[in-house]
Amino acid sequence: MLLSEDVNPGIIREGWDSEVMLPSQFLLLSVQLMLWFDVLSVYQVEVDSEVEAVQLPCKTTVHLPEVAKVEWRNGYDRKIHVYQKGSDQPKKQHIYYRGRTEMKRNQLEPGDLSLTLKYLTDWDRGTYTCTVYNRLKQSTCMRTDLTSLRNSTRITKTEQR
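Going by UniProt numbering, the sequence shown opens with residue 1, and the numbers climb by one from there.
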């Protein structure tokens, strides 16, 4: 495969018309991707076992475009909630969670992607991940552990990107 520099010495052409990015362009791209998502703080919530719902926190400081898709998954990689094209997508979520999850629409404006999980059972223990997709990439917003305790359920953040 031939590599040649065209009239523009900053762009190296490979083959027909594909461009190879230079290190300075990689740096700019990585900075832009890091700025696209900025997760706020660490959350810890305790809920009495008699409570029927719990909020799984996920917040960002960046306004999300309308084309963004928000997807919550559990530790078994099951889709527990999908928000896309401005509305919930119950047909895309695991049947066990249908009618048990809710993301308030007005939460998307300020960057609150928190999910309410209703009618809690012992089967709801585990790790939950909020992932936001746009046209170009995906970005994990936050992972949350939901662990059952004696008389309470505790939510602790385990990882955020």
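We put the beta carbon where it would ideally sit given N, CA and C, even for glycine. Source: prediction; values computed, not measured.
Residue i versus the options, residue with shortest Cα-Cα distance
| i | options | result |
| --- | --- | --- |
| GLU102 | ARG125, GLY75, TRP123 and VAL70 | VAL70 |
| TYR76 | ARG143, LYS92 and TYR128 | TYR128 |
| GLY86 | LEU64, ARG98 and LEU146 | LEU64 |
| GLU52 | LYS104, ASP112 and ASP124 | ASP124 |
| residue 201 | ARG98, PRO57 and ALA68 | Absent from the structure is residue 201, since the part of the chain shown begins at 1 and ends at 161. |
| ASP112 | MET142, GLU50 and LEU146 | MET142 |
| TYR133 | LEU146, GLU66 and VAL54 | GLU66 |
| LEU146 | GLY126, LYS137 and SER139 | GLY126 |
CB of residue i within 9 Å of CB of residue j, strictly
| i | j | result |
| --- | --- | --- |
| LYS59 | SER114 | yes |
| THR116 | LEU56 | yes |
| THR131 | ARG73 | yes |
| HIS94 | ASP88 | no |
Assumed close pair residue i, residue j - CB separation to whole angstroms, cut-off 8 Å
| i | j | result |
| --- | --- | --- |
| ARG100 | TYR119 | 5 Å |
Problem set entry | Minimum length 3: unbroken beta strand (DSSP E) runs contained in the stretch 107-144 | 115-118 and 126-133
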